[in-house]
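Participant: Just so you know, the sequences run in chain order B and E.
In this text, residue positions in the first sequence follow the UniProt record's numbering: the first is 1, and each later residue adds one.
In this text, residue positions in the second sequence follow the UniProt record's numbering: the first is 1, and each later residue adds one.
Glycine included, each C-beta is placed from N, C-alpha and C at the ideal position.
Nothing here was measured: the structure is a model prediction, and the numbers come from that model.
Here you go, one structure.
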Amino acid sequence: MTTMLRENLTGRILLVLLMAITILPFGSLFVTALHPSGTYPSGLSWPDDPQWGNFLDAFQAADMGTLLYSSVLIVVGVVPASLLFGTMAGFAFGHLRMPGHRAGFLLFVLGLTLPFEGIITPLYYQVRDMGLLNTRWAIILPLIGLFMPFSVLWMRAHFVTMPSDLSEAARVDGASTWQLFRRIHVPLAMPALSSLAILLFLWTWNQFLLAIVLVDEPAKRTMAGALGAFQGQWGTDIPLLCAGALLILVPTLTVFLIFQRRFVAALLQGSIKG
Amino acid sequence: MSAQVEGRRAGRARRPRAIWLGWLFAAPAIIMYATFVIRPLLLTVQYSLYDWNGIGASTWVGLDNYRRLLTDEDLFSSIVHAFELIVFFSGIPVLLGLFVAATIRDIAASRLAVIARTVLFLPQVIPLVAAGIMWSWLLSTTGTANELLSAVGLGDLTRAWLGDFDTALPAVGVIGAWVLVGLCTLLLLAGMSKIDPALYEAARLDGAGPVREFLSITLPSLRQEIGVCVTVTVIAALASFDIVYIATQGGPGNATMVPGLEIYYLAFSEREVGMASALAVTLVVLVLACVLPIQRLTRDGS
Chain B
1 MTTMLRENLT GRILLVLLMA ITILPFGSLF VTALHPSGTY PSGLSWPDDP
51 QWGNFLDAFQ AADMGTLLYS SVLIVVGVVP ASLLFGTMAG FAFGHLRMPG
101 HRAGFLLFVL GLTLPFEGII TPLYYQVRDM GLLNTRWAII LPLIGLFMPF
151 SVLWMRAHFV TMPSDLSEAA RVDGASTWQL FRRIHVPLAM PALSSLAILL
201 FLWTWNQFLL AIVLVDEPAK RTMAGALGAF QGQWGTDIPL LCAGALLILV
251 PTLTVFLIFQ RRFVAALLQG SIKG
Chain E
1 MSAQVEGRRA GRARRPRAIW LGWLFAAPAI IMYATFVIRP LLLTVQYSLY
51 DWNGIGASTW VGLDNYRRLL TDEDLFSSIV HAFELIVFFS GIPVLLGLFV
101 AATIRDIAAS RLAVIARTVL FLPQVIPLVA AGIMWSWLLS TTGTANELLS
151 AVGLGDLTRA WLGDFDTALP AVGVIGAWVL VGLCTLLLLA GMSKIDPALY
201 EAARLDGAGP VREFLSITLP SLRQEIGVCV TVTVIAALAS FDIVYIATQG
251 GPGNATMVPG LEIYYLAFSE REVGMASALA VTLVVLVLAC VLPIQRLTRD
301 GS
């Protein structure tokens, strides 16, 4: 019994320690952001005169409103289209199972582990030739393609579990395939769809490589891409950089804390299926 | 009735229209995937066989780029670094995750366990770029890491962790480990909750201690979850880009250069598109070569 207790205690101490290490960078960033702009403060010291105005300065310096707007536009361009295309293909491969569906599905499985760096070079020339370089489409269109393997796999896994009796009954009632999809299967797929939507939102919002390669103007990038540019520009003004970095974290952290359960569940399922 | 339905289904499948419809549904996904993934992927392979600066004419060089990759010390070291990062990105999160998940499970009902699940997961949600910025500040000369060391009397150890040739790569590794511990913990925790408690009772009756229990029951039951953790984290290590780009830009010297970053420099600063593509092809092959065996090993048992 005493050994159990002791183990429990060691475990708890380690857990608290690990939590402290997880929080430490956030705390350090926050404290530093409160120091006078342009100074080179040290580590974890609380400033004598907290400069709350730094957050306002960073908000203006980074043109945060524009960045937020740009990120939202990109998310709106990527997520609904990915959901729709992924669901339609998942429905075809998992439920309609037309001849050749296995081969088609395998094609998508192939792309599942592909690192984005593997295709970024030709993607640049392709997007340039399409005349889309330095527009938000340069991020939106490739991301839809890059998210397809995961989206199709995710939705197919859902449709495979749907009983075919359901479709037979609807067909007897005279439903066309599109009606069957739209009226019966999409509403039933809502839980799978919402988890997928969370994942795609997060991956789009945090996308960095495509943003810095395909779009020069930070104001047209994702939040993560803009943060990279902000670091280049304000890298020497540490407090301002820290304030800006914190501001950029606020949207995702807020969404995460509100939808915490869904987020964790989606991310866990996501990595298992991936 | 059921025969009739069967007949109907077979009839439908034979109709050409049904085939056509199925592929019509899959068409948008296939078009986007083919245009923005398959085509670029094939082009990467093609570019990798040429010497091209991205603007002028290209010359066919066959496998020369790959030969250079194997002989050029700087290029090859980027691949070695990626494998060294696996120790940090995979090793630490999986081992620590096992320990932490076991602890959280033991105290599942307590408030601490609930808070820990949220807190440890935070790094998963923020952009890797932000993790890079946070940690480069934390590990800088006047950063918190050095301050803590001085505070406990280890002032001699202080240094610019990301700027020192010996510590830069491990420091980048620590950032990756920080990001991935939470994900592994939660995955393993989910796996543990599926283990039948009767197994533990039986083991306890046989006089097994906590260590024995962990080795004989917990670990084997988590085979699949461990496989998932290793797969996800190995890909994160081999294809690392964001953290390194922000924290060290590959430096000091070449100490933290990884394939992802090298591809970016080669293609977009040094204008060596062929060489960048050869490295890209190699990276894709390496990821597959690492991930496929892990999948086989961990999926077959279940």
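Using a C-beta cutoff of 8 Å, does B/R156 count as contacting chain E?
Facilitator: No, B/R156 does not count as interfacial toward chain E.
Participant: Indicate whether the contact test is met: 3 or more Cβ pairs, each with one atom in the segment 211 to 223 of chain B and one in the segment 47 to 54 of chain B, closer than 8 Å.
Facilitator: Flag = no, the segment 211 to 223 of chain B and the segment 47 to 54 of chain B do not touch.
Participant: Going by the DSSP bridge assignment, what does E/W60 pair with across the sheet?
Facilitator: Answer is E/Y50, bridged to E/W60.
Participant: Can you list, in chain order, the residues of its chain whose CB lies under 7 Å from that of B/P170, leaving out five sequence neighbours each side?
Facilitator: Per the sequence shown, residue 170 of chain B should be read as Ala rather than Pro. The residues are L180, I184.
Participant: Excluding five sequence neighbours on each side, which residues of the same chain lie with their C-beta closer than 7 Å to the C-beta of E/I107?
Facilitator: Counting only Cβ-Cβ distances below 7 Å, and skipping sequence neighbours, we find A113.
Participant: In whole angstroms, give me the CA-to-CA distance for residue 288 of chain B and B/T222.
Facilitator: Residue 288 of chain B lies beyond the range of chain B shown here (1 to 274); nothing can be said about it.
Participant: Closest Cβ-Cβ distance between B/Q126 and chain E: below 8 Å?
Facilitator: Answer yes: the Cβ-Cβ gap between B/Q126 and chain E drops below 8 Å somewhere.
Participant: So what does DSSP say about B/Y40, is it helix, strand or coil?
Facilitator: Of the three classes helix, strand and coil, the one that applies to B/Y40 here is coil, per DSSP.
Participant: Take B/G86 as the anchor and find which of E/I31, E/L138, E/F268 has the nearest alpha-carbon.
Facilitator: Among E/I31, E/L138, E/F268, the Cα nearest to that of B/G86 belongs to E/I31.
Participant: Check whether the Cβ atoms of B/L246 and B/L29 lie closer than 8 Å to each other.
Facilitator: Their beta carbons are under 8 Å apart, which means B/L246 touches B/L29 by this criterion.
Participant: Select from E/A151, E/P252, E/A239 the residue whose C-alpha is nearest the C-alpha of B/G118.
Facilitator: Ranking the options by Cα distance to B/G118, first place goes to E/A239.
Participant: Taking 8 Å as the threshold (beta carbon to beta carbon), is E/S221 in contact with chain B?
Facilitator: So, not an interface residue.
Participant: Is there a C-beta anywhere in chain B that falls below 8 Å from the one on E/L154?
Facilitator: With 8 Å as the cut-off, E/L154 does not count as an interface residue toward chain B.
Participant: Which residues of chain B have a Cβ atom closer than 8 Å to the Cβ of E/I55, listed in chain order?
Facilitator: Residues of chain B passing the Cβ test: none, with the nearest at roughly 11 Å.
Participant: Find the residues of chain B that neighbour E/F121, judging by a C-beta separation of less than 7 Å, and give them in chain order.
Facilitator: What E/F121 touches in chain B: V264.
Participant: Do the CB positions of B/Q126 and B/S195 come within less than 8 Å of each other?
Facilitator: No, the Cβ-Cβ distance between B/Q126 and B/S195 is not below 8 Å.
Participant: Taking only the alpha-carbon atoms, compute the straight-line gap between E/G253 and E/G163 and give it to the nearest angstrom.
Facilitator: Roughly 9 Å between the two C-alpha positions.
Participant: Grab the span of the alpha helix (DSSP H) containing E/R204 for me, first residue to last.
Facilitator: Unbroken alpha helix (DSSP H) run through E/R204: 197 to 205.
Participant: Give a yes or no on whether the minimum CB-CB distance between B/I183 and chain E is below 8 Å.
Facilitator: In the sequence as displayed, the identity of residue 183 of chain B is Arg instead of Ile. For B/R183, the answer is no, since every Cβ of chain E falls outside 8 Å of its Cβ.
Participant: Alpha carbon to alpha carbon, how far is E/A280 from B/T113?
Facilitator: Going from the Cα of E/A280 to the Cα of B/T113 covers about 14 Å.
Participant: Buried or exposed for B/Q207, going by 16 or more other Cβ atoms inside 10 Å?
Facilitator: B/Q207 comes out buried.
Participant: Over what stretch of residues does the alpha helix (DSSP H) that includes B/F150 continue unbroken?
Facilitator: Start and end: 137 to 160.
Participant: Check the Cβ-Cβ distances between E/Q124 and every residue of chain B, and say whether any is below 8 Å.
Facilitator: Chain B, which has a Cβ nearer than 8 Å to the Cβ of E/Q124, makes this yes.
Participant: Is E/G274 closer than 8 Å to E/Y66 when the C-beta atoms are compared?
Facilitator: Not closer than 8 Å, so no.
Participant: Can you find the residues in the same chain that come closer than 6 Å, C-beta to C-beta, to B/G111, ignoring five residues on each side of it along the sequence?
Facilitator: Cβ within range, chain order: P149.
Participant: If you count every other CB in all the chains shown that lies within 10 Å of the CB of B/Y40, and 16 or more means buried, which is it?
Facilitator: Answer is exposed; the Cβ neighbour count stays below 16.
Participant: With the cut-off set at 8 Å, would you say B/L58 and B/G244 are in Cβ contact?
Facilitator: For the sequence presented, residue 58 of chain B should be read as Ala rather than Leu. Yes, Cβ-Cβ distance for B/A58 and B/G244 is below 8 Å.
Participant: Please report the straight-line C-alpha distance between E/R111 and E/S193, rounded to a whole angstrom.
Facilitator: C-alpha separation (whole angstroms): 18 Å.
Participant: Since B/Q207 is in the alpha helix (DSSP H), which residue starts that stretch and which ends it?
Facilitator: From DSSP, B/Q207 is part of no alpha helix (DSSP H); its letter is neither H nor E.
Participant: Sorted by chain position, which residues of the same chain lie with C-beta nearer than 6 Å to E/N53's C-beta, five sequence neighbours on each side aside?
Facilitator: Closer than 6 Å at the Cβ level, and outside the excluded window around E/N53, lie R271.
Participant: Given 8 Å as the limit, is there contact between the segment 23 to 30 of chain E and the segment 91 to 102 of chain B, that is, 3 or more CB pairs closer than that?
Facilitator: Segments in contact, yes.
Participant: Just how far apart, CA to CA, sit B/P99 and E/A18?
Facilitator: Distance between the alpha carbons of B/P99 and E/A18: 9 Å.
Participant: Once DSSP output is grouped into helix, strand and coil, what is the label at E/V244?
Facilitator: E/V244 falls in the helix class under three-state DSSP.
Participant: So which residues on chain E does B/N206 lean against when the C-beta distance must stay under 9 Å?
Facilitator: Those within 9 Å of B/N206 in chain E are V125, I126, P127, L128, V129, A130, D242.
Participant: So does B/R97 have its beta carbon nearer than 7 Å to some heavy atom of the ligand ADP?
Facilitator: Among the ligands in the structure shown, none appear at all, so the ligand ADP cannot be discussed.
Participant: Can a CB atom of chain E be found closer than 8 Å to the CB of B/Q260?
Facilitator: Chain E, which has a Cβ nearer than 8 Å to the Cβ of B/Q260, makes this yes.
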